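> First the structure, which I've put down as structure tokens, then a few questions once you've had a look.
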Amino acid sequence: MSTRPMDHAIPHIRGRIRAGVPLAPYTWFRVGGPAEWLVRPADAGDLVALLAGLPVAMPLTVLGAASNLIIRDGGLPGVALRLGGGFADVVAEADGVVAGAAALDVTVAEHAAAAGLAGIEFLSGIPGSIGGAVAMNAGAYGTEVADRLDWAEVATAGGLLRLPAAALQLSYRRALLPPGGVVIRARFHARPGDPMPRMAEIRAAREATQPIRARTGGSTFKNPDGHKAWALIDAAGCRGLRLGGAQVSEKHCNFLLNTGGATAAELEALGEQVRARVLAQSGVSLEWEIKRIGVPA
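Residue numbers (the working numbering): 5 to 301.
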């Protein structure tokens, strides 16, 4: 059932609208303040209606799986958008897979494997959902979305667009989406084959090198040209560095951890400490890969 807020700036849709919802439980770090409005459209048409009816000045944030995200302690103004089960379908075709934006990356890789399709095993090593993977051209283990994407379907205030991969101008951890556009579906090309050995390699590598069972957000910083972020962080003496409940992982020092009671402010401040130490030690300025959004407490 739809719950319509009293604030008429939010258009009426068939999906669910709630005010003041705590967002920490939705994020992998388990930190962050509330959303002014948390909105779950019922389907693609409902999403288009939402986008068309929102005032231009209303902030809109697409949360996805919130696996590479720090939501600040004061929360998110405007609309926080989450796509639910109606956007999570995965369909295997003869030479590819079509996946909804809410489908987890690993789930898409598993569907491809079950259909005897190889080429998108890299998705099994990315913690997140397909919408976010397309929006940031996610990559891992030598392959990125740009290498396998055929097209993406994007909801806009004017309707649905199906854009070829070239139109997104995919680059390192970036995609050019239409203004206010939200990825709802994507197609990845694949080939007949057995992806299971490669997926097993990726799983083993993640287990051995990453703190995958901790409250974390994946790679914190982008790899600068000619460098590995983790190696720069290690050389600057930041492995295991702590600030309150936040810590640089001992296992992989390009991961930040919430050890149990961290605030978003502590995680972000620790990241900035790491950036400052790396700059002082190596002269390289690290760029955040994790998104930091919202307002401070």
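A virtual CB, placed ideally from N, CA and C, is assigned to each residue, including glycine. Since the structure is predicted, the reported quantities are computational estimates derived from the model, not experimental observations.
Let me make sure I understand the geometry here. Which of 90, 29 and 174 has the alpha-carbon closest to that of residue 73?
Ranking the options by Cα distance to residue 73, first place goes to 29.
> Answer with buried or exposed for residue 263, where buried requires no fewer than 16 other C-beta atoms within 10 angstroms of its C-beta.
By the 10 Å Cβ count, residue 263 comes out exposed.
> So, at 7 Å on beta carbons, what are the nonlocal neighbours of residue 291 in its own chain, with the 5 sequence-adjacent residues on each side left out?
Once the five neighbours on either side are set aside, the close Cβ partners of residue 291 are 225 and 226.
> First and last residue of the beta strand (DSSP E) that includes residue 189?
Residue 189 -> beta strand (DSSP E) spans 186-193.
> Report the rounded CA-to-CA distance for residue 95 versus residue 195, giving the unit in angstroms.
Approximately 15 Å between the Cα atoms of the pair.
> Answer with buried or exposed for residue 299, where buried requires no fewer than 16 other C-beta atoms within 10 angstroms of its C-beta.
That one is exposed.
> Could you give the DSSP three-state label for residue 223: helix, strand or coil?
Correct three-state label for residue 223: coil.
> Taking residue 313 as the reference, give the member of 240, 38 and 220 with the closest Cα.
There is simply no residue 313 to check, as the chain begins at 5 and stops at 301 in what is shown.
> When DSSP builds the beta bridges, which residues end up paired with residue 75?
Residue 75 is bridged to 297.
> Note down the Cα distance separating residue 49 from residue 182, rounded to an integer number of angstroms.
Those two C-alpha atoms are separated by around 17 Å.
> How about residue 116 and residue 199: are their beta carbons less than 8 Å apart?
Cβ distance < 8 Å, so residue 116 and residue 199 count as in contact.
> Can you tell me the Cβ-Cβ gap for residue 112 and residue 101, rounded? I've got them flagged as a contact below 8 Å.
About 6 Å; that satisfies the 8 Å criterion.
> With contact counted as at least three CB pairs below 8 Å, one residue from each stretch, are the region 15-32 and the region 60-73 in contact?
In short, these stretches touch, since the Cβ pair count reaches three.
> Which residue spans inside the region 145-213 form an unbroken beta strand (DSSP E) run of at least 3?
Within the region 145-213, the complete beta strand (DSSP E) runs of at least 3 residues are 153-160, 163-168 and 186-193.
> First and last residue of the alpha helix (DSSP H) that includes residue 52?
It spans 48-57 - the alpha helix (DSSP H) in which residue 52 sits, taken as one unbroken run.
> Can you round the beta-carbon distance between residue 142 and residue 135 to whole angstroms, since I take them to be within the 8 Å contact cut?
Their Cβ separation, rounded to whole angstroms, is 10 Å, which puts residue 142 and residue 135 out of contact at 8 Å.
> Compare the C-beta of residue 213 with all C-beta atoms of chain D and state if any pair is closer than 8 Å.
Protein chain content of the structure displayed is limited to a single chain, and chain D is not contained in it.
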